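To keep things clear, I will list the structure first and then write my remarks on it.
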Amino acid sequence: MPKERHYIPRNLALSQEVFLEGTEFHHLVNVMRSTVGAQIELINGLGVCAKAKIAKIEKKRALLVVESLFSEQKAADCLILAQAIPKLNRLDFIIEKGTELGLSALWLFPGDHCEKRELSVNQLERLNHLAIAAMKQSGRLYLPEILMLPPLSAWKPLDFPFFFGSLSPEAPALNRLLQNEPATTAIFCVGPEGGLSASEEKILCELGAIGTKLGKHILRTETAAIAAITLMAQREL
C-alpha cells in the first residue's frame, strides 16, 4: 500500500478532476504535508483505486486529477457478522479488526441481553469512519456495509450458511463445520456481553442457524467476533 491513500465516496474516472474535502483534506495537508504536484491514491470503497496528482490546494479542499485507475472485482462470497450491540469500545474494536480481516458486512441488532437497544446517527458515523481508516490501512478496496437490523424474532430464514456461538458442550467446532462448506457467503451471529438468550438461540435454530463453538473456553463478545471472522476468512486462502 502506498504512503498516502485517501477515501473519496464517489465514482472515479480517468482524467477526472475531483475535490478532496473534510477530514481527508485535513489529513492530506496538515498531517501528511502533501504539496501541489504530489501523487496520491484515492479509493472509493467500491473496488476502485485511482492514482491522482494534486493540482491545486485551496483553504478547505484540494483539486486532484486522476491519472490512472485500478479496479478489483467484488468477491461473490460475503463474510457477514451479525453482532448483538455490545459496549461501544468493544464495537469499535470489532469493526476495526473485522475490516482488516475481510469482513463484508456488519449487521447490528438489539439482543435480549444488550445494554443498548440502538445506535445514534453519530455513533454509526463513527463506526463508518473507523471502517474507512481500517480499509485504507489494510489495503482493502471495499468498505464493509454497516446495518442496523431488528431483533432476531423479526428475521427471516437466510439462503446461505448461518452459524452462531453456543456454550453447549455438544456444539461442533466452527472450523470443522467450515471444512465442509465451500467459499460462499456465510454469516456468524455473536451475542452481547451477556450472551444470547435461550429464546434467541431457539429462534436462530428455527432460522436454520447452527450452534457452534470457537474454542475450548468462553470468549468475550469482541474476541468471539474476531475469532469467527478469522475462521470464515480462512476459507478464501
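Following my numbering, the numbering of the sequence shown begins with 1455 at its first residue and continues without gaps. Note that CB positions come from ideal geometry on N, CA and C, so glycine has one too. For clarity, every value in this text was computed on a predicted model and none was experimentally measured.
Coil, strand or helix - residue 1486 by DSSP: If DSSP states are grouped into helix, strand and coil, residue 1486 belongs with coil.
Residue 1649 versus residue 1665: straight-line alpha-carbon distance, rounded: Looking at the two C-alpha atoms, the distance is approximately 13 Å.
Residue 1620, DSSP secondary structure in three states: Looking at residue 1620 - three-state DSSP - the assignment turns out to be coil, as it is neither helix nor strand.
Residue 1512 to residue 1655 span [Cα, whole Å]: So the two alpha carbons sit approximately 55 Å from each other.
Span separating the alpha-carbon of residue 1645 from that of residue 1582: The alpha-carbon of residue 1645 is positioned some 21 Å away from that of residue 1582.
Beta-carbon proximity list for residue 1486, same chain, < 6 Å, skipping 5 on both sides: Correct list, in chain order: 1458.
Pair within 7 Å by beta-carbon distance, residue 1504 and residue 1466: Yes, the Cβ-Cβ distance between residue 1504 and residue 1466 is below 7 Å.
Closest Cα partner of residue 1693 within the set 1608, 1676, 1607 and 1495: Nothing can be reported for residue 1693: it is not among the residues displayed for the chain, which extend from 1455 to 1691.
8 Å contact criterion, which residue 1529 and residue 1553 should meet: CB distance rounded: Going by Cβ atoms, the distance from residue 1529 to residue 1553 rounds to 15 Å, so no, they are not a contact pair.
Beta-carbon contacts of residue 1685 that lie in its chain and below 8 Å, excluding the five residues immediately before and after: The residues are 1628, 1629, 1632 and 1668.
Rounded Cβ spacing between residue 1595 and residue 1497 (contact assumed at less than 8 Å): With a Cβ gap of about 6 Å, residue 1595 and residue 1497 count as contacting.
Backbone secondary structure at residue 1688 - three-state DSSP: DSSP places residue 1688 within a helical segment (H, G or I) once states are collapsed to three.
Option in 1536, 1525, 1491 and 1523 with minimal Cα separation from residue 1516: Ranking 1536, 1525, 1491 and 1523 by Cα distance to residue 1516 puts 1491 first.
Simplified DSSP assignment, three categories, for residue 1545: Helix at residue 1545.
Enclosing alpha helix (DSSP H) for residue 1656 [first to last residue]: Per DSSP, residue 1656 belongs to the alpha helix (DSSP H) from 1652 to 1660.
Proximity below 7 Å, CB of residue 1638 to CB of residue 1566: Against a cut-off of 7 Å, the Cβ pair of residue 1566 and residue 1638 comes out as no contact.
Selected residue, minimal CA-CA separation from residue 1572, among 1658, 1541 and 1590: Minimum Cα distance to residue 1572 is reached at 1541.
Residue burial classification, residue 1635 (beta-carbon count within 10 angstroms, cutoff 16): Residue 1635 comes out exposed.
Sub-7 Å separation of residue 1585 and residue 1603 beta-carbons: The answer is no: Cβ separation not under 7 Å.
Residue 1570 and residue 1539 closer than 7 Å at C-beta: Yes, Cβ-Cβ distance for residue 1570 and residue 1539 is below 7 Å.
Local Cβ density within 10 Å of residue 1575, reported as buried at 16 or more and exposed below that: It counts as exposed.
Backbone secondary structure at residue 1455 - three-state DSSP: Here the model assigns residue 1455 a pLDDT of 49, short of 50, so the residue's position is not dependable, and the following value carries that caveat. In the displayed model, residue 1455 falls within coil according to three-state DSSP, outside both helix and strand.
Residue 1647, DSSP secondary structure in three states: The three-state reading of DSSP puts residue 1647 in coil, since its state is none of H, G, I, E or B.
Own chain partners of residue 1548 with C-beta closer than 6 Å, once the 5 adjacent residues on each side are dropped: Correct list, in chain order: 1676 and 1679.
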